[in-house]
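Quick note, the sequence shown lines up with residues 659 to 911 if you use my numbering. Where a beta carbon is used, it is the ideal one built from N, C-alpha and C, also for glycine. Below: one structure, written as structure tokens.
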Amino acid sequence: MLEGRHALVTGGGTGIGLAIAQALAGQGAQVTITGRRAEVLKDAAAQAGGGGLHPLVMDVTDEAQVADGIAQAVQARGPVQVCIPNAGIAEGRALHKTDTAFWRRVMDTNLDGAFWTIRESLHSMRGTGWGRVVAVASIAGIRGLAGASAYTASKHGLIGLIRGLSEDYLGQPFTFNAVCPGYVDTEIVSRNADAISTRAGVSADEARAMMVAQNRHQRLIAPDEVARAVLWLCGPGSDSVNGQAIEIAGGRV
Ligand code: NDP
């Protein structure tokens with residue numbers, strides 16, 4: 659389905675990003691996976707076997723690193739035709755306890771990082787006859803998440819960016835969509851369980867149960883479930899799906 663296409667997945671060495679990268683590579687794409695930890699990326703590429711995943715160290719909060727990194731990837735594997743801005747941090751803090759450094763860290767990673775990733779990918783994608791951008795947002799891009807105003811604002815912003823782009827490129831062979839998962843079984847949930855357990859004075863198991871209860875079907879979502887939705891948006895038959903924020907949350911958010 660994606661034979662010969664170059665895909666870029668930020669945060670592609672772990673969790674949801676890795677599941678997406680593997681799914682895209684499974685359809686024949688050459689996938690550049692990025693993140694800040696070289697070892698994690700190298701291990702992910704080695705485990706995939708078959709040579710479909712290509713590690714690239716790139717901090718999405720650094721504009722120059724994103725520009726240089728994507729230029730290098732384009733030189734090695736051709737224009738980016740599938741762009742998956744997925745790198746993100748999910749940390750909660752009451753707004754009255756949110757200092758500017760915390761706010762900036764969340765925005766720099768989740769919103770500015772996606773902006774630079776998409777802009778730099780578009781430079782090469784625009785010269786081709788086909789392209790897909792699928793951002794990994796969150797249910798927090800659709801509704802407010804208690805105790806996480808900065809995260810909520812960053813993911814609402816990300817969906818706004820996608821919707822704006824979908825209007826800019828109407829009628830052209832490029833689509834821009836977002837997927838909005840509920841709680842997915844990744845490191846983010848494990849880290850959140852620890853943080854909630856400290857904050858709320860409950861056990862890590864109880865904290866995990868609190869997150870499971872937020873998903874409408876009362877279970878954590880598997881990273882592969884998100885990957886399959888992304889694959890559909892990058893495959894044949896979804897050409898008319900554009901500017902959407904697709905909920906993957908077990909029920910309507
Ligand atoms: P992970 O923590 O496994 O993934 C986050 C990835 O982003 C890591 O690979 C990390 O790599 C990368 N990353 C973080 N900061 C930066 C940075 N500054 N520069 C480059 N890469 C960075 O968790 P998930 O897989 O769960 O998260 C992926 C996305 O899914 C996030 O955007 C998150 O908001 C979203 N999401 C997650 C949900 C969940 O319940 N798990 C629910 C809804 C949305 P490294 O640390 O090596 O840089």
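From which residue to which residue does the alpha helix (DSSP H) around residue i run?
| i | result |
| --- | --- |
| residue 772 | 771–783 |
| residue 682 | 673–684 |
| residue 661 | Neither: residue 661 is in no alpha helix (DSSP H) and is coded neither H nor E. |
| residue 914 | The first residue shown for the chain is 659 and the last is 911, placing residue 914 beyond what the model contains. |
| residue 877 | Neither: residue 877 is in no alpha helix (DSSP H) and is coded neither H nor E. |
| residue 759 | 758–765 |
Residues bridged to residue i by DSSP?
| i | result |
| --- | --- |
| residue 835 | 792 |
| residue 936 | Look at the range of the chain in this structure, 659 to 911, and you will see that residue 936 is not part of it. |
| residue 692 | 668 and 714 |
| residue 615 | This structure does not reach residue 615, given that the chain is present from 659 up to 911, and the question cannot be answered. |
| residue 842 | 879 |
| residue 751 | 806 |
For residue i, count the other beta carbons within 10 Å of its own beta carbon; 16 or more makes it buried, fewer makes it exposed. Which is it?
| i | result |
| --- | --- |
| residue 875 | exposed |
| residue 852 | exposed |
| residue 822 | exposed |
| residue 767 | buried |
| residue 857 | exposed |
| residue 760 | exposed |
| residue 894 | exposed |
| residue 813 | buried |
| residue 688 | buried |
| residue 758 | exposed |
| residue 807 | buried |
| residue 782 | buried |
| residue 898 | exposed |
| residue 680 | buried |
| residue 779 | buried |
| residue 848 | exposed |
| residue 711 | buried |
| residue 905 | buried |
| residue 754 | exposed |
| residue 877 | exposed |
| residue 784 | exposed |
| residue 824 | buried |
| residue 670 | buried |
| residue 828 | exposed |
| residue 695 | exposed |
| residue 762 | exposed |
| residue 707 | exposed |
Where does the unbroken beta strand (DSSP E) through residue i begin, and where does it stop?
| i | result |
| --- | --- |
| residue 742 | 738–742 |
What is the C-beta distance between residue i and residue j, in whole angstroms, given that I count them as a contact (C-beta under 8 Å)?
| i | j | result |
| --- | --- | --- |
| residue 666 | residue 747 | That pair is no contact at about 19 Å. |
| residue 911 | residue 797 | 5 Å |
| residue 739 | residue 835 | The pair is not a contact, with the Cβ atoms about 15 Å apart (cut-off 8 Å). |
| residue 816 | residue 891 | No, residue 816 and residue 891 are not in contact; Cβ-Cβ is about 15 Å, not under 8 Å. |
| residue 791 | residue 888 | Not really, about 11 Å apart at Cβ, beyond 8 Å. |
| residue 787 | residue 831 | 6 Å |
| residue 684 | residue 662 | That belief does not hold up - the Cβ atoms of residue 684 and residue 662 are roughly 14 Å apart, past 8 Å. |
| residue 842 | residue 881 | 6 Å |
| residue 802 | residue 752 | That pair is no contact at about 13 Å. |
| residue 912 | residue 725 | Outside the modelled stretch of the chain, which goes from 659 to 911, sits residue 912, for which no answer is possible. |
| residue 745 | residue 718 | 5 Å |
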